[in-house]
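Keeping their order, the protein sequence lines are chains S, E and D. Counting from 12, one number per residue, gives the positions in the first sequence under the numbering used here. Counting from 644, one number per residue, gives the positions in the second sequence under the numbering used here. Counting from 5, one number per residue, gives the positions in the third sequence under the numbering used here. We put the CB at the ideal spot given by N, CA and C, even for glycine. Keep in mind it's a predicted model, so treat the numbers as computed, not measured.
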Amino acid sequence: MTPDNPTSEKHYLRLRHNVQHRLSLVPILGWLLGALLAVILEQLAGDYLVDALDMDKMPSLLGILAIAKDIKYFLWQGWDQLVIIGKMFAGGAFSGVVSVPDPFQTPRVLLYVFLVYFLPIALFGTLTIRPANWMADKLSKLPSAVSVIGYLILLYLVMHIWADMSAYRGMALRFTLIAVMLTLSLNVINGYMGEFSCSHPGFMALGAYGASVVTVVLFANDKLFGAALLPKFLAPAFFPLALVVGGAVASFGALLIAVPSFRTRGDYLAIISLAFLFIVKSLIENLEIVGGPRGLKGQPDLASLPVVFTWAVLCIWTINNFVRSTLGKALNAVRDDEVAANAMTVNTRRTKMTAFLFGAFWAGVAGGLFAHVLRYVNPATFGLQKLAEVLAMVYFGGLNSVYGSIVGAVSISLLSEALRPFELFKWVIIPLLLILVMIYRPTGLIAFREFDVRSVLKPKQNPESEV
Amino acid sequence: MALLEVHHMSHDFGGLRAVNNYSLNIEPGEIHGLIGPNGAGKTTIFNLITGIYRPTEGDIRLDNASIVGLQPYQIAARGLGRTFQNLQLWRHMTVLEHVMMARYSKLTYGLVGAFFGTPKRKREESESREKAQVLMELFGVDRFANQIVLNLPYGAQRRVEMARAMAMEPKILFLDEPTAGMNPEELIQMMEIIRRAHRKFGVGIFLIEHRMRFVMELCQEIQTLVFGEVIAEGTPEEIQNNPKVIEAYLGSEMVE
Amino acid sequence: MTLNLQNLLDFQNIIDALQWGSFYALIALGYSMVYSILMLFNFAHGDIFMVGAYIGFGIASLLVGLTVAGSLALPGWVILILTLLGAMCLTSIVGMAVERIGYRPLRDAPRASAAITGLMIGIILEQGNLILLGAKRRSFPEIIESQTFSIGGVDITNIKIMIVGVSLAFMLALHLFIKKNKWGMAMRAMAFDYLVVPLMGVSINAIARMTFAIGSALAAVAGIFFGMAYPVLEPTMGIVYGWKAFVAAILGGRGSIMGACFAGFLIGFIEIFVPLVFPSTLRDLIAYSIILLILVYRPHGFFGEPYSAKLRL
Numbered sequence: 012m013t014p015d016n017p018t019s020e021k022h023y024l025r026l027r028h029n030v031q032h033r034l035s036l037v038p039i040l041g042w043l044l045g046a047l048l049a050v051i052l053e054q055l056a057g058d059y060l061v062d063a064l065d066m067d068k069m070p071s072l073l074g075i076l077a078i079a080k081d082i083k084y085f086l087w088q089g090w091d092q093l094v095i096i097g098k099m100f101a102g103g104a105f106s107g108v109v110s111v112p113d114p115f116q117t118p119r120v121l122l123y124v125f126l127v128y129f130l131p132i133a134l135f136g137t138l139t140i141r142p143a144n145w146m147a148d149k150l151s152k153l154p155s156a157v158s159v160i161g162y163l164i165l166l167y168l169v170m171h172i173w174a175d176m177s178a179y180r181g182m183a184l185r186f187t188l189i190a191v192m193l194t195l196s197l198n199v200i201n202g203y204m205g206e207f208s209c210s211h212p213g214f215m216a217l218g219a220y221g222a223s224v225v226t227v228v229l230f231a232n233d234k235l236f237g238a239a240l241l242p243k244f245l246a247p248a249f250f251p252l253a254l255v256v257g258g259a260v261a262s263f264g265a266l267l268i269a270v271p272s273f274r275t276r277g278d279y280l281a282i283i284s285l286a287f288l289f290i291v292k293s294l295i296e297n298l299e300i301v302g303g304p305r306g307l308k309g310q311p312d313l314a315s316l317p318v319v320f321t322w323a324v325l326c327i328w329t330i331n332n333f334v335r336s337t338l339g340k341a342l343n344a345v346r347d348d349e350v351a352a353n354a355m356t357v358n359t360r361r362t363k364m365t366a367f368l369f370g371a372f373w374a375g376v377a378g379g380l381f382a383h384v385l386r387y388v389n390p391a392t393f394g395l396q397k398l399a400e401v402l403a404m405v406y407f408g409g410l411n412s413v414y415g416s417i418v419g420a421v422s423i424s425l426l427s428e429a430l431r432p433f434e435l436f437k438w439v440i441i442p443l444l445l446i447l448v449m450i451y452r453p454t455g456l457i458a459f460r461e462f463d464v465r466s467v468l469k470p471k472q473n474p475e476s477e478v
Numbered sequence: 644m645a646l647l648e649v650h651h652m653s654h655d656f657g658g659l660r661a662v663n664n665y666s667l668n669i670e671p672g673e674i675h676g677l678i679g680p681n682g683a684g685k686t687t688i689f690n691l692i693t694g695i696y697r698p699t700e701g702d703i704r705l706d707n708a709s710i711v712g713l714q715p716y717q718i719a720a721r722g723l724g725r726t727f728q729n730l731q732l733w734r735h736m737t738v739l740e741h742v743m744m745a746r747y748s749k750l751t752y753g754l755v756g757a758f759f760g761t762p763k764r765k766r767e768e769s770e771s772r773e774k775a776q777v778l779m780e781l782f783g784v785d786r787f788a789n790q791i792v793l794n795l796p797y798g799a800q801r802r803v804e805m806a807r808a809m810a811m812e813p814k815i816l817f818l819d820e821p822t823a824g825m826n827p828e829e830l831i832q833m834m835e836i837i838r839r840a841h842r843k844f845g846v847g848i849f850l851i852e853h854r855m856r857f858v859m860e861l862c863q864e865i866q867t868l869v870f871g872e873v874i875a876e877g878t879p880e881e882i883q884n885n886p887k888v889i890e891a892y893l894g895s896e897m898v899e
Numbered sequence: 005m006t007l008n009l010q011n012l013l014d015f016q017n018i019i020d021a022l023q024w025g026s027f028y029a030l031i032a033l034g035y036s037m038v039y040s041i042l043m044l045f046n047f048a049h050g051d052i053f054m055v056g057a058y059i060g061f062g063i064a065s066l067l068v069g070l071t072v073a074g075s076l077a078l079p080g081w082v083i084l085i086l087t088l089l090g091a092m093c094l095t096s097i098v099g100m101a102v103e104r105i106g107y108r109p110l111r112d113a114p115r116a117s118a119a120i121t122g123l124m125i126g127i128i129l130e131q132g133n134l135i136l137l138g139a140k141r142r143s144f145p146e147i148i149e150s151q152t153f154s155i156g157g158v159d160i161t162n163i164k165i166m167i168v169g170v171s172l173a174f175m176l177a178l179h180l181f182i183k184k185n186k187w188g189m190a191m192r193a194m195a196f197d198y199l200v201v202p203l204m205g206v207s208i209n210a211i212a213r214m215t216f217a218i219g220s221a222l223a224a225v226a227g228i229f230f231g232m233a234y235p236v237l238e239p240t241m242g243i244v245y246g247w248k249a250f251v252a253a254i255l256g257g258r259g260s261i262m263g264a265c266f267a268g269f270l271i272g273f274i275e276i277f278v279p280l281v282f283p284s285t286l287r288d289l290i291a292y293s294i295i296l297l298i299l300v301y302r303p304h305g306f307f308g309e310p311y312s313a314k315l316r317l
């Protein structure tokens, strides 16, 4: 509190407290409905606003790309100025003039995001505290499956309307969901089980190729595999099967690693799995039947947003179920003290095998979805770069935490989109960030947190009490 | 019929005989003590019976079935619970999770239940939670139920280990120096807790201990182990007056 | 594909294998030394090798350029020695910086976190190189004129002999250092027991720093030799060759100096001889499969101690 102006300071503090208090009363339902309102608003009025603000186009991912471009412009210009000043010291003439990028997007983008997203969501959320909590309370009294499905439909609607506005959004959203699946499945192994597996891109590759082969053989006229065996309209029905085949292939690969690795503790799995990653990549490069190093293309367009969303939800749901059961918590026991776990009736070997194969299965499914979103796979995708990316997501978000994996995957995906204008610097900035996280929070941002759906969705306020 | 029988068990560590011709009989509900100087092979005997090592010779029978060659978790599931000399708790898990984990072998919902959260899983987990709650109350750690076990005071950590071992519903409980590192007050508490567990569940107990007073007060039968061999066996009085034991302990623990 | 048995026995190939083995062994030593004292892999080491090669490239280009321009008149071997010394010094500074930034703050953190940090530092080094010098491949200047000897119908260049010889000399020097020198003994003590070192009046930090410095200097030697033998440098070389050397370090037995050298040469032989028998596209596949098989049957590598610590989490 500053002595010269105590009252305004006090007002400010009280205001801040009030705002925080009100925000804390908004249930998830309120935020979701607010988001729905925002995306509907954007769909209806976004184009007008873009025209009114004289913008190039609608900001894709909350405008981060446009802002990043402007930042890059300033940074690069700053660098130029430094060079010019350096030249001045060396006797050159001053010639630089500080300029603003044209068109200067940032203020408009910020205004747009404020008007379209921030304002509607915040207003709707805070103004509907009572009815939203009342509804959340009613929903929480339903069987949890019904209410959760209701929430998911709402969430999907928001995503659908939002992603519908540009193809880029649809792609980015689907890749983010796939990244969440990958991160979570790796967290089962590296976080919950506490081993260090490097083979996740390998499992992903196995899943991608496994699923692709099924769909391409059955539904595509391909020069490698011949004419389609089944009519196209059956494809969506067979796609889950293809994905499960992909996951099963990945699990089988995992079994090959697991059998020798789990006899010994320590870094052994890290090394075996790394060798496995190289072997898988090299194997695919040498398999001409699936296109060798040129890759495999012609996957039918099956991985639409609802499909990817459904699988991502399934993945989060089963993994979260697993890690919260005693069978899944046995992983933590094995990680923290294997001898004690064994002495407390835990079948440690089966526990580790199960988790490893389960993680690999979901990596395989994620790989299958990845191949069908891109509609092309190439062995070069599944190398060390991918490994670094997934590891970054897991360790950034936080070990042993479903929350953490979702946060890690979404934030690194967003960041990696935002940093695209910086080209090569992207893979300097993300590692630097991760190093900082590791130094200050060695287990990641949100580690060791349990994800309890019911407590997330529950009303934040007793409906009878005063607002 | 004894609950646990060990017949002429021997174990070599690379040519060195760590345990020689060791035999043991524990009846249901009996408290049996194993004493001896450091390095006598007491913990090795524990590890042999609980399946961490496999004996070179001899037979171990639990409930009249041989358990030699079984994995530790299988032996544990047949009713052999244990605690460890240096606390072996799971550092990232809560007290409740510890106690529930020991009921692992009692769960039948399988992977389907684990992945999809079937009603059966819900039922079994909540039953397991109720039993864990009872045990935590019995051992006085229920107020820490949702705390990470590492944040507990030392004595409470010891009690968590006891509660965890009892959650397996063992027929016989192995306690490896249950009072190691405890102050006199905690020691008396521990003795009370062991008695309580013994009374309430009628479980047989086999314990390794250094503190003579503790062993003498608790045990009905005591063996003295020196260099992997039993030199004396009998009731506390017999052991206390046995010249061989006094010799082995002269100037060390006997003074206590 | 015709299998030519003559090829397998060709002395030329053996020399090539020894030469590649020297690179792998020199790099693997760095991994192994760091592992033995800190119990973790320095995943940035492959990229330190790359940095060493580029530093050597810079120094050599400068000296060769000056000589050609006539400002200096240095014979080839002097340039080589200056390049080696300069690159070793500068690269060990890079190595010490990596230790200071990436590893020291994480000494008590879970080992997996330190591994991630190392991996990220490696990526930064590689990308940094791309930003500074571009993706263009650089060809290493010719420091020593290549001369070909013919011994019994086999052609051997002086460069290959020099590379193998000097590499072996470095390995021997390292071995002697660790066995005889006070600091080397402190290193061994630390490998044996982490906690005893401060009791001996030696600081863990000093030893860690020294280990990184020596490992990086050896990686720089490997980088320069690699540049001389295969005169193309590119930013991805750290990943491509570094990982193979990493595998050699594992295969030799974690923390074992002898093992790292031995396995380095073994990988050199696998790399050269596998393509003689199988199509060369299968090289990685077969090499890694052999390695995997060896590890399945010898989980601790050739000279490693059985080791059962787990990732501290």
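query                                                                                                  : result
D/V236 - partner residues in DSSP beta bridges                                                         : D/S143
Proximity test, Cβ basis, 7 Å: D/L123 and chain S                                                      : yes
Helix, strand or coil at E/M652 according to DSSP, with G and I counted as helix                       : strand
Residues near D/L317 by beta carbon distance below 8 Å, same chain, minus five either side             : Summary for D/L317: the model assigns pLDDT 33, below 50, so the residue's position carries little reliability; its value from the coordinates is reported in the next sentence. Excluding sequence neighbours, D/L317 sits near P114, A116.
S/K308, DSSP secondary structure in three states                                                       : strand
Closer than 7 Å to chain S by CB, D/L237                                                               : no
Where S/G161 sits in the DSSP three-state scheme                                                       : helix
Status (buried if at least 16 other CB within 10 Å, exposed otherwise) for S/W90                       : exposed
Burial state of D/A73 (16 or more Cβ within 10 Å)                                                      : exposed
Same chain, Cβ closer than 6 Å to S/Y167, five either side skipped, listed in chain order              : F320
Proximity to S/K308 [Cα-Cα], best of S/R386, S/D65, S/N29, S/R460                                      : S/R386
Any chain D beta carbon closer than 7 Å to S/W328                                                      : no
Cβ-Cβ separation, E/V846 to E/K814 (assumed contact under 8 Å), whole Å                                : 7 Å
Nearest-angstrom beta carbon gap, D/L76 and D/R142 [assumed within contact, 8 Å]                       : That belief does not hold up - the Cβ atoms of D/R142 and D/L76 are roughly 21 Å apart, past 8 Å.
Those residues which DSSP pairs with E/A708 across a bridge                                            : E/L705
Where S/V478 falls, given that 16 or more other Cβ within 10 Å makes a residue buried                  : Note on S/V478: pLDDT 40, under 50, position unreliable in the model; the coordinate value appears next. Per the 10 Å Cβ criterion, exposed.
Below-7 Å beta-carbon distance, S/F393 vs any chain D residue                                          : no
Under 7 Å between C-beta atoms of E/I710 and E/I703                                                    : yes
Closer than 8 Å at the beta carbon, the chain S residues around D/G132                                 : V439
Residue of S/P311, S/S412, S/Q310 minimising C-alpha distance to S/N5                                  : Residue coverage of chain S in this structure runs from 12 to 478, which leaves residue 5 of chain S outside it and unanswerable.
Coarse secondary structure for D/T6, derived from DSSP in three states                                 : Low confidence applies to D/T6: its pLDDT is 49, below 50, so where it sits in the model is not reliable enough to give any reading.
Beta-carbon gap between S/A272 and S/I283 smaller than 7 Å                                             : As written in the sequence, residue 272 of chain S is Ser, which differs from the Ala given in the question. Yes, these two residues count as a Cβ contact at 7 Å.
Exposure label - S/R465; buried when at least 16 CB within 10 Å                                        : exposed
Sub-7 Å separation of S/V384 and S/A314 beta-carbons                                                   : yes
Which residues DSSP lists as bridging S/T359, in chain order                                           : None; S/T359 has no bridge partner.
Distance CB(E/A808)-CB(E/T726) smaller than 7 Å                                                        : yes
Short-range partners of chain D found in the segment 197-212 of chain S, where Cβ spacing is below 9 Å : N201, G202, G205, E206, F207
Cutoff 7 Å: D/Y107 Cβ touching any chain S Cβ                                                          : no
Terminal residues of the alpha helix (DSSP H) in which D/D159 lies                                     : That residue, D/D159, is in no alpha helix (DSSP H); its beta strand (DSSP E) goes 158-161.
Pair within 7 Å by beta-carbon distance, S/A265 and S/F367                                             : yes
Interface flag, S/G218 vs chain E, CB-CB below 7 Å                                                     : no
Under the three-state DSSP convention, the category S/F273 falls into                                  : coil
Residue(s) in a DSSP beta bridge with E/Y665                                                           : E/M652
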